[in-house]
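I have placed the structure first, in the form of structure tokens, so that the comments after it can refer back to it.
Protein chains: 2
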Amino acid sequence: MEPTRENEPRGDAGRPDPDGEALVDALARSAFVVMGVLNRIGAQYDLSLTQLRVLGILRDRRVRMTDLANFLGLDKSTMSGLVDRAERRGLLERGRNPTDGRAVDVYMTAAGLELAQQAHGEVRRALASATGRLGKQERHRLTQLLEHMLGPADVQEPVGKPS
Amino acid sequence: MEPTRENEPRGDAGRPDPDGEALVDALARSAFVVMGVLNRIGAQYDLSLTQLRVLGILRDRRVRMTDLANFLGLDKSTMSGLVDRAERRGLLERGRNPTDGRAVDVYMTAAGLELAQQAHGEVRRALASATGRLGKQERHRLTQLLEHMLGPADVQEPVGKPS
DNA sequence: GCGGCATGGTTTGTAGTACGAATCAAACTC
DNA sequence: GAGTTTGATTCGTACTACAAACCATGCCGC
Numbered sequence: 001m002e003p004t005r006e007n008e009p010r011g012d013a014g015r016p017d018p019d020g021e022a023l024v025d026a027l028a029r030s031a032f033v034v035m036g037v038l039n040r041i042g043a044q045y046d047l048s049l050t051q052l053r054v055l056g057i058l059r060d061r062r063v064r065m066t067d068l069a070n071f072l073g074l075d076k077s078t079m080s081g082l083v084d085r086a087e088r089r090g091l092l093e094r095g096r097n098p099t100d101g102r103a104v105d106v107y108m109t110a111a112g113l114e115l116a117q118q119a120h121g122e123v124r125r126a127l128a129s130a131t132g133r134l135g136k137q138e139r140h141r142l143t144q145l146l147e148h149m150l151g152p153a154d155v156q157e158p159v160g161k162p163s
Numbered sequence: 001m002e003p004t005r006e007n008e009p010r011g012d013a014g015r016p017d018p019d020g021e022a023l024v025d026a027l028a029r030s031a032f033v034v035m036g037v038l039n040r041i042g043a044q045y046d047l048s049l050t051q052l053r054v055l056g057i058l059r060d061r062r063v064r065m066t067d068l069a070n071f072l073g074l075d076k077s078t079m080s081g082l083v084d085r086a087e088r089r090g091l092l093e094r095g096r097n098p099t100d101g102r103a104v105d106v107y108m109t110a111a112g113l114e115l116a117q118q119a120h121g122e123v124r125r126a127l128a129s130a131t132g133r134l135g136k137q138e139r140h141r142l143t144q145l146l147e148h149m150l151g152p153a154d155v156q157e158p159v160g161k162p163s
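As they're listed, the protein sequences go chains A and B.
Heads up: the first sequence is residues 1 to 163, going by the working numbering.
Heads up: the second sequence is residues 1 to 163, going by the working numbering.
So this is what it looks like as structure tokens:
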């Protein structure tokens with residue numbers, strides 16, 4: 001993920017937007033809360049946040065190392081180390097790619113799948129103490145607004161990055 | 001925790017709550033997007049995410065090391081190292097606490113304040129590419145819902161943690 | 001006032017994470 | 001077949017995170 005310097009104001013950026021600033025703050029706070037939960041639950045399983053993400057991605061698919069690294073925005077050497085440690089734990093395995101002899105596929109073991117599912121359930125329960133403050137219709141509305149703001153889930157275009 | 005289509009059985013309610021699960025997934029995706037932005041902009045300034053948070057907290061106040069560590073959920077030795085590196089960069093300074101000879105206060109330098117303000121502005125602009133997908137009223141509503149869910153900003157009670 | 005205990009912070013050791021450069025094997029192109 | 005590109009690993013380095021040990025300061029009971 002290359003750092004960029006994007007200082008040009010957006011077309012509407014010159015106008016004061018109190019809701020925009022409050023929204024950014026609320027999104028940041030929400031992000032830290034979610035990360036806090038993920039870090040705490042990850043620690044229970046002796047897993048880092050990034051390891052949790054890896055396990056989450058691989059729960060239902062087999063992925064190439066390169067694609068995994070790109071999806072997570074990590075250097076391939078970092079990806080290699082993460083998979084090393086997960087493999088050592090018996091959570092992941094590496095395999096040959098059927099179409100490219102250079103490529104390495106990564107997939108879950110049964111033990112890894114079980115741990116990922118347990119951790120996922122605990123993350124949901126932990127976050128329910130916050131989402132439970134909202135009523136049912138509010139939760140529905142919040143979900144809609146977030147999904148609208150985030151765009152399609154399968155598009156991994158970094159936010160705020162010039163293209 | 002990347003969103004998937006799998007529906008896992010819930011241990012607590014027993015009742016399916018599609019909006020609850022979708023909301024957790026949306027919150028997780030939102031969190032990764034925000035973290036991605038913070039990491040990218042932090043890298044521009046050669047700062048880690050945690051360093052950015054520290055600078056954000058200290059922009060308008062002078063804080064004890066212990067309080068800073070507690071606020072961030074970090075070990076005091078970690079806090080010490082983070083402040084070491086920021087001090088070495090000329091962004092922060094340590095000072096004596098007027099009421100407790102053991103305590104060390106941390107505060108911003110002018111250079112640190114300038115950097116923090118620049119970085120903050122860039123984070124806001126970067127996130128505007130996502131929040132700009134919403135209309136004005138939608139942004140207002142999203143802010144309200146997030147703040148309602150998160151509770152008061154000054155309470156640092158960890159979400160989902162048994163007490 | 002003093003000893004014991006607690007607190008605040010630093011230092012040391014360790015492991016994981018992150019990136020960049022170097023390296024090697026496989027694939028692609030001409 | 002040679003040159004280039006790609007995929008992944010290894011190595012070196014710095015940062016982050018925690019735990020244990022240590023030292024200085026503060027608190028409290030006697």
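The beta carbon of each residue, even a glycine, is placed where N, CA and C say it ideally should be.
Pick helix, strand or coil for residue i, following the three-state DSSP scheme.
| i | result |
| --- | --- |
| Gly95(A) | strand |
| Ala13(A) | Caution is warranted here: a pLDDT of 43 is assigned to Ala13(A), below 50, making its placement in the model unreliable, and the coordinate value is therefore given only provisionally. The answer is coil: DSSP assigns Ala13(A) none of H, G, I, E or B. |
| Asp67(A) | helix |
| Asp84(A) | helix |
| Pro162(A) | Residue confidence for Pro162(A) is low, a pLDDT of 48 falling below 50, so the modelled location carries little weight; the figure read from the coordinates is stated next. The answer is coil: DSSP assigns Pro162(A) none of H, G, I, E or B. |
| Asp25(B) | helix |
| Asp105(B) | strand |
| Asn7(A) | In this prediction, Asn7(A) has a pLDDT of 30, which is less than 50 and means its spatial position is unreliable; nothing more can be read from the coordinates. |
| Leu150(B) | helix |
| Leu74(A) | coil |
| Asp60(A) | helix |
| Arg133(A) | coil |
| Leu55(A) | helix |
| Gly90(B) | coil |
| Ser48(B) | coil |
| Glu2(B) | The predicted position of Glu2(B) is uncertain, since its pLDDT is 44 and thus under 50; no value can be drawn from it. |
Is the distance from the Cβ of residue i to the Cβ of residue j below 8 Å?
| i | j | result |
| --- | --- | --- |
| Arg53(A) | Tyr107(A) | no |
| Glu122(A) | Ile57(A) | no |
| Leu150(B) | Ala26(A) | yes |
| Asn97(B) | Arg64(B) | yes |
| Leu142(B) | Leu134(B) | yes |
| Leu68(B) | Thr50(B) | no |
| Gly20(A) | Ala116(B) | no |
| Leu91(B) | Ala111(B) | yes |
| Ala28(B) | Val34(A) | yes |
| Ala31(A) | Ser30(B) | yes |
Since I believe residue j is in contact with residue i (beta carbons under 8 Å), could you give me their beta-carbon distance rounded to a whole number of angstroms?
| i | j | result |
| --- | --- | --- |
| Arg89(B) | Val104(B) | Not quite, the Cβ-Cβ distance comes to about 18 Å (not below 8 Å), so this is no contact. |
Review point. What residues from the segment 116-134 of chain A come within 7 Å of chain B, judged by C-beta to C-beta, listed N to C?
Key: Gln117, His120, Gly121, Val123, Arg124, Arg125, Ala126, Leu127, Ala128, Ser129, Ala130, Thr131, Arg133, Leu134
**Study point:** the segment 26-39 of chain B: positions lying closer than 8 Å to chain A by Cβ
**Key:** Ala26, Leu27, Ala28, Arg29, Ser30, Ala31, Phe32, Val33, Val34, Met35, Gly36, Val37, Leu38, Asn39
Exercise for review: Determine which residues of the segment 49-73 of chain B have a Cβ less than 8 Å from any Cβ of chain A, and write them out in chain order.
Suggested key: Arg53, Gly73
**Study point:** Contact set between the segment 137-153 of chain B and chain A, restricted to residues whose Cβ is under 8 Å from the partner
**Key:** Correct list: Glu138, Arg139, His140, Arg141, Leu142, Thr143, Leu145, Leu146, Glu147, His148, Met149, Leu150, Gly151, Ala153.
Practice item. Could you please tell me which residues of the segment 71-103 of chain A, in chain order, have their CB closer than 7 Å to any CB of chain B? Key: Result list: Gly73.
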